[in-house]
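Undergrad:
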Amino acid sequence: MKMDYNFGEIEPRWQNRWREEGVYHVKNGGERPHYYVLDMFPYPSGAGLHVGHPLGYIASDIYARYKRLRGYNVLHPMGYDAYGLPAEQYAIQTGQHPAVTTEQNIARYREQLDKIGFSFDWDREVRTCDPHYYKWTQWTFIQLFKHYYDNVAGKALPIADLEQRFATKGTEGLDAACSEEMSFTAEEWNRWDEQHKQKALMNYRLAYLADIPVNWCAELGTVLANDEVVGGLSVRGGYPVERKLMRQWSLRITAYAQRLVDGLEQVDWTDSLKEIQRNWIGRSEGAAVWFPLDVPTNGNILPGAQAYMSQFDPKPVPSFEIFTTRPDTIFGVTFMVLCPEHELIGQITTPDRKAEVEEYVNWAKNRSERERQAEVKKVSGVFTGAYAVNPLTEEKIPIYVSDYVLAGYGTGAIMAVPAHDSRDFAFARHFNLPIRQVVSLEKDVTSDPATWSESMDAKTGYSVNSGFVSGMKVKEAMAAVIDKIEEMGIGHRTVNYRLRDAIFSRQRYWGEPFPIYYKDNTPYAIPEECLPLELPEVKEFKPTATGEPPLGHADYWAWDEQNRCVVSKSKVDNVHVFPLELSTMPGFAGSSGYYLRYMDPHNGNEYFSKGAVEYWQNVDLYVGGAEHGTGHLIYARFWNKFLFDLGMAVKEEPFQKLINQGMIQGRSNFVYRSKSDKDLFISKGLIKNMDDVTPIHVDINIVDNDVLDVDRFRAWNPDFANARFEMEDGKYICGWEVEKMSKSMFNVQNPDDLVARYGADTLRLYEMFLGPVEQAKPWDTNGIEGVHRFLKKFWRMYDGVCDAEASKEDMKILHHTIKKITDDVERFSFNTAVSTFMICTNQLTDSKCHSRQVLEPLTILLAPFAPHIAEELWHQMGHTTTICDAQWPSFDEHYLIEDTVKYPVQFNGKMRFTIDLPADADQTSALQAIKGCAEGQRWLDGKEPKKVVFVPKKIINIVL
RNA sequence: GCGGAUAUGGCGUAAUUGGUAGCCGCGCAAGACUUAGGAUCUUGUUCCGAGAGGAGUGGGGGUUCGAGCCCCCCUAUCCGCACCA
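Going by numbering that gives the first Met the number 0, the first sequence opens with residue 0, and the numbers climb by one from there.
Dropping the structure here:
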């Protein structure tokens with residue numbers, strides 16, 4: 000009789016041995032096919048891991064181990080996203096250096112991770128705050144700074160090329176991503192001084208410095224990216240955020256908008272996540288149209304628009320550009336709206352309206368983001384007194400200002416079609432402006448818009464009252480109107496994106512320093528050979544008295560251009576020594592390219608070698624939370640596309656397949672204290688009226704299967720020392736609710752406790768058993784006993800291992816299990832895989848002696864899921880090499896064929912069957928099989944089938 | 001408002017992808033072995049009904065010999081975006 004399943008002894012023993020023997024170290028290259036399994040690396044917070052964190056890691060570990068058993072060379076690394084706000088906030092409060100707390104937290108994370116038995120190659124660990132790592136973050140930033148996006152080439156090109164182009168041709172023929180359209184000749188360019196040239200180049204750089212409206216969070220003392228702000232509040236901390244114009248570094252991610260949309264076609268992600276990204280990028284097709292102003296010039300009213308516009312280039316005419324996705328509705332325009340920030344407002348407002356307009360613009364500009372968003376439904380605006388001319392109808396239409404038109408999208412000006420846009424409709428109703436129907440669901444059928452309760456926004460139906468497009472379908476009308484506009488030279492087809500450039504400066508300490516210094520207020524990159532530019536020490540982590548970012552406190556923070564090194568700030572003379580940039584990079588900087596660094600993590604000369612990236616290509620499987628859908632996952636794709644343009648990355652998309660593990664919520668337990676007697680606690684089932692009791696959160700660690708450990712409860716909190724209980728059946732039953740997992744609700748489940756109690760293998764299996772990996776679910780420890788019992792049962796099965804040949808029954812069970820587990824793992828259905836193991840052991844344990852022929856393959860199947868127990872049993876069966884080097888068993892179809900016909904159904908003289916057949920069965924052999932089976936059941940009764948409808952793997956519809 | 005997803009026993013879930021709904025586990029009930037058990041094992045457990053039997057996958061319709069699965073319309077919950085023209 001062998002020992003009991005002693006996981007407490009087995010697991011550390013194997014973990015040590017795996018580490019000592021370097022079992023999980025991966026080499027680049029070799030004969031075996033490659034596979035890259037990646038987890039989103041964690042931010043090491045002070046709270047340590049809770050059971051939600053390892054969920055994705057366990058899933059990816061299972062897949063990585065599976066792929067390895069399948070003969071792949073698997074890259075499965077782990078590291079830390081170590082820069083971030085919490086460590087810095089903690090530093091401001093305590094003075095503790097963020098590097099120190101980060102180091103401690105990492106040590107704690109590592110300890111917790113190690114206990115779970117992952118197959119990470121820790122030799123490849125990266126940390127974003129490590130100078131050897133952020134050197135390459137800074138390097139990439141410099142490349143972004145030194146490149147521009149050429150729309151003709153469809154890729155990033157060196158800014159030096161652009162300089163050369165400007166010197167020879169000026170901006171002629173240039174189509175590049177930029178902040179604003181520029182137009183100058185070669186002569187002009189060559190006349191300009193250095194500063195002027197630099198200013199022009201800045202307009203095109205992929206990393207650029209500009210005054211832009213940013214999300215300023217006063218409480219955090221920093222700006223935030225759009226994805227870091229939700230509903231006018233910061234994601235971290237929930238502090239109010241305001242719009243503010245600031246000089247900031249940005250990444251011109253908008254240049255890649257179309258490629259970011261297109262790339263989604265090539266990747267294997269869930270539709271919902273692709274949709275989230277598409278929405279975030281917000282591509283919309285439409286038209287840009289110039290509307291001439293109807294203003295007195297030299298005492299005359301402008302002539303009719305059509306005649307006027309056809310004679311001239313649109314720009315010299317007093318006119319303004321709008322963007323619309325509904326060019327077909329241009330005949331329904333009854334007013335125009337400008338955003339309050341529009342530059343034209345000052346020029347066009349008539350003297351009698353001036354005061355009112357100014358008042359409105361001021362009011363609108365000073366509103367906070369939050370106020371504006373909260374009052375979206377409120378209509379506000381003001382008439383400028385000016386008119387525009389509809390270029391197609393030559394009608395005179397009033398121009399309004401309203402904050403429902405946003406400065407940051409399109410051109411900040413719209414043509415309002417109240418009949419077919421709900422916002423224009425609300426505005427028109429509020430100001431009593433005319434509404435004209437130009438689209439109808441049925442041809443030539445119209446109704447009076449005055450009777451409408453809402454606008455007709457759908458892009459379906461037919462154009463009406465619309466001149467030359469009347470009677471056309473909406474889609475046709477759109478094309479026809481754009482054609483006409485282009486022909487008239489007053490507009491063109493265009494595409495707009497909701498995506499904004501990514502603001503890249505943070506007024507914080509704990510982040511990557513920009514490798515940038517300022518000469519004459521113009522930024523220059525420090526030479527690449529001088530990287531990394533290390534984060535300096537500071538006396539304080541707060542902003543300086545003058546409002547500079549924390550790096551303003553650093554003494555040793557100036558750039559000596561000649562000696563190419565960092566020197567004391569006191570030496571700044573703006574001749575040879577210049578001030579360095581004071582802000583740092585945001586969290587997504589370090590996490591945007593880390594997957595590439597894992598391929599070649601110790602390379603001191605380059606980001607990663609060509610050989611390494613050509614070997615690994617890109618991430619085959621990426622596992623992580625969907626909350627990164629509009630942040631990290633967009634930035635990383637952009638980063639990778641840029642490196643692809645530089646010829647460094649070899650695949651345009653970084654993450655081929657992506658699995659979003661669901662969020663684990665907490666399952667809180669409650670005790671119910673009587674309102675009349677503060678020491679009396681009533682078991683849940685005995686409560687007559689919930690109003691008589693106060694529910695109190697109770698630590699889930701002193702509750703088991705909703706049964707309270709009353710002694711530990713009394714000891715838990717001095718307030719409850721004298722607690723008395725009204726029990727049911729001798730137990731105190733707690734209530735429960737699903738809430739966020741948090742310390743304050745006492746519902747945090749620490750994986751260490753579970754490992755100590757049940758072992759890592761049980762924890763791994765149970766986390767998978769809980770439900771589909773992708774699904775959000777509350778953590779519930781009830782039920783962990785079930786999988787633990789399974790492992791004990793599995794262990795016991797090896798008591799009777801023998802060399803005899805397995806029975807046919809056992810072989811059938813084995814091969815069914817191999818097939819099912821293989822299928823389940825391939826489709827990431829780990830919960831059903833665990834069930835399959837349980838079914839298998841339930842069926843096998845009936846026999847007294849288990850053949851090695853069955854147990855060996857079974858052990859290998861279990862190895863990815865429960866590596867410690869599998870390894871132990873593997874060695875007990877006499878193997879001397881690690882089970883990681885075993886070969887995944889394949890199944891024999893011979894054992895899988897069902898020899899019974901299922902579900903015969905009779906109707907109208909036909910008989911329908913379903914039968915399981917081998918995959919390669921053809922119609923003849925299938926017919927043979929079905930006849931054989933059916934005869935046994937006497938369903939065919941000796942008759943020949945007249946017609947058989949054959950479906951591979953099944954036969955249906957046999958006509959007698 | 002727009003977009004996406006989900007809905008199955010007391011609970012977590014499963015269903016060979018259109019073929020006997022409820023696998024596996026928890027919980028519960030009964031029993032066995034035990035000085036004892038929060039150990040182990042056996043049996044039962046969708047609901048109603050004593051039973052025969054009937055009902056049943058959020059609700060309503062449809063396609064089909066056959067629907068948890070496909071189509072249409074509701075309802076509820078969760079998530080993402082939100083005055084994006």
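Here a beta-carbon is modelled for each residue, glycine too, at the ideal position from N, C-alpha and C.
(1) Identify, in the order they occur along the chain, each residue of the same chain with its Cβ nearer than 6 Å to the Cβ of D599, setting aside the five sequence neighbours on each side.
(2) Whole angstroms is fine: what's the gap from S465's alpha carbon to T328's?
(3) When the Cα atoms are used, what is the spatial distance from F641 to Y255?
(4) On the three-pair Cβ rule with 8 Å, is the stretch 680-694 touching the stretch 719-736?
(5) How far does the alpha helix (DSSP H) with W873 in it reach, from first residue to last?
(6) Rounded to the nearest angstrom, how far is the Cβ of P585 from that of A224, given a contact under 8 Å?
(7) Quick one, are the C-beta atoms of L74 and V25 less than 9 Å apart?
(8) Please determine if the stretch 622-638 and the stretch 659-671 are in contact, where contact requires at least 3 C-beta pairs separated by less than 8 Å.
(9) If you measure between the beta carbons of Y621 and L37, is that distance less than 9 Å?
(10) Out of Y765, T323, S850, state which residue places its alpha-carbon closest to the alpha-carbon of I115.
(11) So for R12, helix, strand or coil by DSSP?
(12) What's the C-alpha gap between A449 and F467?
(13) Going by C-alpha to C-alpha distance, which of G546, V574, G623, N639 sits closest to A588?
(14) Given this structure, state the Cα-to-Cα distance separating T1031 from G646, to the nearest angstrom.
(15) May I have the straight-line CA-CA distance separating H849 from V772, to the nearest angstrom?
(16) Is it buried or exposed, D3, if we count other Cβ atoms within 10 angstroms and call 16 or more buried?
(17) Does the beta-carbon of T816 have 16 or more other beta-carbons within 10 angstroms, so that it is buried, or is it exposed?
(18) Are at least three pairs of beta-carbons, each pair with one atom in the stretch 140-154 and one in the stretch 77-84, less than 8 Å apart?
(19) Suppose the cutoff is 7 Å on Cβ atoms and the five residues either side in sequence are ignored; what does the same chain contact list for D779 look like?
(20) Give the C-beta separation of G734 and Y671 to the nearest angstrom, bearing in mind that I take them to be a contact with Cβ-Cβ under 8 Å.
(21) Can you tell which of E368, Y403, A363 has its C-alpha closest to the C-alpha of K376?
(22) Can you tell me whether P291 is helix, strand or coil according to DSSP?
(23) Going straight from the alpha carbon of F290 to that of A387, what length do you get?
(24) Helix, strand or coil: which one does DSSP assign to L813?
(25) State the start and end residues of the unbroken alpha helix (DSSP H) segment that holds Y62.
(26) What is the DSSP secondary structure of K656, reduced to helix, strand or coil?
(27) Distance, Cα to Cα, A166 vs R258?
(28) So, do the stretch 168-179 and the stretch 272-284 have three or more beta carbon pairs nearer to each other than 8 Å?
(29) Can you tell me whether A803 is buried or exposed? The criterion is at least 16 other CB atoms within 10 Å of its CB, across all chains shown.
(30) Please go through the stretch 110-193 and give each complete beta strand (DSSP E) segment of 3 or more residues, from N-terminal end onward.
(31) Please report how far the alpha carbon of V565 lies from the alpha carbon of H96, in whole angstroms.
(32) Using only the alpha-carbon positions, how far apart do D267 and A406 sit?
(33) Across which residues does DSSP place D691 in a beta bridge pair?
(34) Per DSSP, what are the beta-bridge partners of F322 in this structure?
(35) Tell me whether P512 is buried or exposed, calling it buried when 16 or more other Cβ atoms sit within 10 Å of its Cβ.
(36) Look up E19 in the DSSP assignment and say whether it is helix, strand or coil.
TA: Per the coordinate set shown:
(1) F607, S608, A611
(2) 8 Å
(3) 9 Å
(4) yes
(5) 866-875
(6) 6 Å
(7) yes
(8) Touching, yes.
(9) yes
(10) Y765
(11) helix
(12) 25 Å
(13) Nearest C-alpha to A588: N639.
(14) There is no way to answer for residue 1031, as the model of the chain reaches only from 0 to 959.
(15) Those two C-alpha atoms are separated by around 33 Å.
(16) Exposed.
(17) buried
(18) no
(19) R666
(20) 7 Å
(21) The shortest CA-to-CA distance from K376 to any of E368, Y403, A363 is the one to Y403.
(22) strand
(23) 6 Å
(24) helix
(25) 52-68
(26) DSSP places K656 in strand when its eight states are reduced to three.
(27) 30 Å
(28) no
(29) A803 counts as exposed, since fewer than 16 other C-beta atoms from the protein chains shown sit within 10 angstroms of its C-beta.
(30) Listed in chain order, the beta strand (DSSP E) elements of length 3 or more contained wholly in the stretch 110-193 are 146-149, 154-157.
(31) Going by the C-alpha atoms only, they are around 22 Å apart.
(32) 36 Å
(33) Beta-bridge pairing links D691 to no other residue.
(34) A287
(35) buried
(36) helix
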